[in-house]
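Here's the structure we're looking at; comments come further down.
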Amino acid sequence: MDSDTKPSVPVTILTGFLGAGKTTLLNYILTQNHGKRIAVIENEFGEEIGVESLIARDGAEGDAFADFYELSNGCICCSVRDDLVSTLEELLTRRDRFDYVLVETTGASRHMLASIFWVDSELEGRITLDGIVTLVDAKNIAWHLEQQTNEVMSQIAYADRILVNKADLMPDADDRRRLEGQLNAMNALAPCMYLLYPYELCTSHSIS
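If you want it as structure tokens, here you go:
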């Protein structure tokens with residue numbers, strides 16, 4: 013099958029405020045044998061994402077990559093050097109190494125990220141926006157909603173799916189219904205799903 017007939021690569025944009033569980037999820041994806049070949053794109057690697065301490069199967073370099081690691085569990089981790097479009101274009105030259113792309117770009121605008129899937133001719137037909145997933149923390153989401161910060165509000169408003177992490181911290185059914193009502197008021201189209209642990213995202217239909 014040549015590059016022109018290969019199916020497009022599904023891409024999910026992952027968002028979430030500080031403490032929502034993104035780092036735990038990304039570390040799980042990059043270290044555990046979950047059976048999925050996922051390419052993770054980040055703005056930069058913090059100390060919490062310990063890819064440099066992992067045993068990579070091989071490394072690669074490119075003009076669009078600040079860092080590139082092909083890991084022993086079959087996943088890829090790379091960071092953006094200049095812009096996301098260039099990173100995706102260069103990542104697609106290694107199309108046979110992954111099946112799925114997860115983009116976590118802290119601080120970037122969700123609607124601006126999503127727009128590249130329709131306005132960039134080089135990527136047209138080669139990737140598909142599978143969705144924008146917003147991860148929220150059951151313990152702290154109520155406080156964030158009360159503050160009504162632009163960042164949190166936009167993350168929820170632009171989400172295709174809202175995943176409430178650490179669901180064991182919200183066992184009361186009335187509390188869950190109240191939260192669902194608040195989230196629904198901001199985004200009536202995005203289904204709300206509860207996760208006990210962030211790595212359940214890898215086995216849910218949100219990334220498949």
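Heads up, our numbering is the position in the sequence shown plus 12, with the first residue counted as 1.
Note that CB positions come from ideal geometry on N, CA and C, so glycine has one too.
This structure is a prediction, so every number in the text was calculated from the model and none was measured.
query                                                                                              : result
DSSP state of ARG49 mapped onto helix, strand, coil                                                : coil
SER91, DSSP secondary structure in three states                                                    : strand
Nearest candidate by alpha-carbon position, reference ALA154, set ILE168, ARG106, ILE139 and GLY47 : ILE168
Spatially closest choice to SER20 from ILE144, ARG173, GLN159 and GLY137, by CA coordinates        : GLY137
Burial state of ARG189 (16 or more Cβ within 10 Å)                                                 : exposed
Residue span of the alpha helix (DSSP H) that contains ASP186, given as start and end              : 185-198
Candidates ALA150, ARG173, THR43 and ASP184, of which the one nearest VAL141 by Cα                 : Checking the displayed sequence, the identity of residue 141 turns out to be Leu instead of Val. Ranking ALA150, ARG173, THR43 and ASP184 by Cα distance to LEU141 puts ARG173 first.
For LEU208, the three-state DSSP class (helix, strand or coil)                                     : coil
Rounded straight-line distance, which links the Cα of HIS156 to that of VAL148                     : 10 Å
Whole-angstrom distance between LEU181 and GLU116, CA atom to CA atom                              : 25 Å
Paired residues, beta bridge with THR146 - DSSP                                                    : THR27 and ILE174
Proximity below 8 Å, CB of ILE139 to CB of THR27                                                   : no
Between the CA atoms of LEU38 and ILE61 - distance to the nearest angstrom                         : Confidence at ILE61 is low in this model, with a pLDDT of 47, below 50, so its placement is unreliable and the value that follows should be read with caution. Whole-angstrom Cα-Cα distance: 7 Å.
For ILE181, the three-state DSSP class (helix, strand or coil)                                     : Residue identity check: residue 181 is Leu in the sequence provided, not Ile. Helix.
Identity of the residue in ILE88, GLY47, VAL23 and GLU54 nearest THR35 by Cα                       : GLU54
For ALA171 and ALA202, believed in contact at Cβ under 8 Å, the rounded distance                   : 5 Å
Expected contact under 8 Å - CB spacing of GLY47 and ASN152 to nearest Å                           : Actually they do not touch by this definition, with Cβ atoms about 31 Å apart.
Rounded separation between ARG109 and ILE88 - CA only                                              : 8 Å
Beta-carbon spacing of ALA185, LEU208 below 8 Å                                                    : no
Three-way DSSP call (helix, strand, coil) for THR161 in this model                                 : coil
Reduced DSSP category for PRO203 - H, G, I as helix; E, B as strand; rest coil                     : coil
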